[in-house]
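Novice: Each position in the sequence shown, counted from 1, maps to that position plus 1 in our numbering. Handing you this structure, nothing more for now.
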Amino acid sequence: MTEPIRSGFTTRQVHIGSDATAARPRALPIHLTAGFTFDSFDDAAAHFGAGDGFGYTRTGNPTVDAVERKLASLEGGAEALLLASGQAAISVALLGLLTAGDHVVSSTHIYEGTRGLLLENLARLGVTSTFVDEIADPDAWRAAITSRTRLLFAESIANARNDVLDIAAVAAIADEHGIPLVVDNTFATPYLVRPIEHGAAIVVHSASKFLSGQGAVLGGVIVDDGRFDAARSGALFPHLAASPSGEAGLWERHGGHARIAYLRESVAPRFGPTPSPLNAFLIGQGTETLSLRVERQSANALAVAEWLEARPEVASVAHAGLASHPTHHIAKRYLSGGYGSVFTVTLRGGIDEARAFVEALQVITHMTHLGDVRSLVLHPGTTSHARRSPEQREAHGILPGTLRLSIGIEDVDDLIADLDAGLRAAASIGERFDIEVVA
Ligand SMILES: *Cc1c(COP(=O)(O)O)cnc(C)c1O
């Protein structure tokens, strides 16, 4: 606004210098504002009526919108919706598809937070779930589907065994039933694989991980393929196809984009996990270097995995890039540019060796996060998977000596020297390398 000549200090304090200038910054501006002024009386009505323009940051923000366009493009989707965290993205995506009485078929090999969401939170809302263990077997997915199943859920590179999903095979099964395959693509990133290109309908991410990369903010994103078909699936998702109130329904207004339009108009703004525009900006900045980081991280991780696999202190390494991995052939089909950089290594011995290893590391940071530019380590058995029974942990490839590594962009020689120190510390716990792995 132009300077009001007679306005008071406080009026000027809040009004002067807060308006957008005519300049066009090359970097994305951070629109850190709760809301947006309406140019005219009619503009306000048009915003509330047809959703034109920006009104309030919970329903739309130019910084958030810019990052959404970037991520939709990178995933090869039609539209994206940015949320406050990865869990927010998964929650909003599922809440937009499911009704009490519905059923989900999910891979067993998923992030613990998502598993809890399905088993506890959605179960309390009347949604049941079946978990498929043999995710490489199409018949296992097919057998779990009932007349109330409304979606299939899996991770492209799975927690914690590093199994790579045969996306096209599972997507084809979802398609036989007119329901979407939702893929959590956090571990792979769109640089390595774009599930929508292989038939997935919806991709979700924790943007807190590789997309932001700097480890400073949380975020999540939903990317939709824009191919919802009411003629085929409208009876399964009546809230997307028809409008109970008589006004134009989502399908009529948005066609194939009805699904993501519903999330944007009716789920995200009501449940409310809105991303901060500042966090959106940092996710956008991070994503600008995604390919460079993931390429380097994948190369580092494969070198580290090969080095670890050859060491006598190591019982096994679960990295999809290794020929020894059970889904290496699937990884070769789907992943290009690298095999990812989050994987587990299982030491000979058990928890004492794992403790000595973690405590000896100096370059690799001990924390619960992944996809960071810095290399990170965590002991899943006593942290993320502590609530599971030993049998369940073992089925997921998590033994007392198992550690999860997320490899960063550091010089690989420094990482190997650090891991070498860790293995020596583990070895010094006892001359136990002739003892079998304790389950
Ligand atoms: C971290 C993570 C999530 C949850 O994301 P937040 O941003 O922490 O809420 C979901 N899925 C996978 C695979 C993750 O690694």
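Glycine included, C-beta positions come from ideal geometry on N, C-alpha and C. Here the structure is a predicted model, which means the values were calculated and not measured.
#1: Would you call the stretch 112-131 and the stretch 67-76 touching, i.e. three or more CB-CB distances under 8 Å?
#2: Between the stretch 141-161 and the stretch 103-111, are three or more C-beta pairs nearer than 8 Å?
#3: For residue 86 and residue 275, what's the separation of their Cα atoms in angstroms?
#4: If you count every other CB in all the chains shown that lies within 10 Å of the CB of residue 135, and 16 or more means buried, which is it?
#5: Is any heavy atom in ligand 1 found nearer than 7 Å to the beta carbon of residue 423?
#6: Between which two residues does the beta strand (DSSP E) carrying residue 155 extend?
#7: For the alpha helix (DSSP H) containing residue 310, list its first residue and its last residue.
#8: Short of 6 Å in beta carbon distance, which residues of its chain neighbour residue 365, apart from the five on each side in sequence? Order them along the chain.
#9: Between residue 282 and the rest of its own chain, which residues show a CB-CB distance below 7 Å, the 5 nearest in sequence each way excluded?
#10: Less than 8 Å between the C-beta atoms of residue 34 and residue 58, yes or no?
#11: Does the Cβ of residue 385 lie closer than 7 Å to at least one heavy atom of ligand 1?
#12: For the alpha helix (DSSP H) containing residue 140, list its first residue and its last residue.
#13: Between which residues of its own chain and residue 352 is the CB-CB distance below 6 Å, once the five residues before and five after are set aside?
#14: Does the beta-carbon distance from residue 188 to residue 157 come in below 8 Å?
#15: Could you give the DSSP three-state label for residue 29: helix, strand or coil?
#16: Taking residue 89 as the reference, which of 126, 231 and 208 has the closest Cα?
#17: Taking 7 Å as the cut-off, does the CB of residue 192 come closer than this to any heavy atom belonging to ligand 1?
Specialist: Reading off the structure:
#1: no
#2: yes
#3: 9 Å
#4: exposed
#5: no
#6: 150-156
#7: 291-310
#8: 376, 378 and 419
#9: 29, 31 and 64
#10: yes
#11: no
#12: 139-145
#13: 401
#14: yes
#15: coil
#16: 208
#17: no
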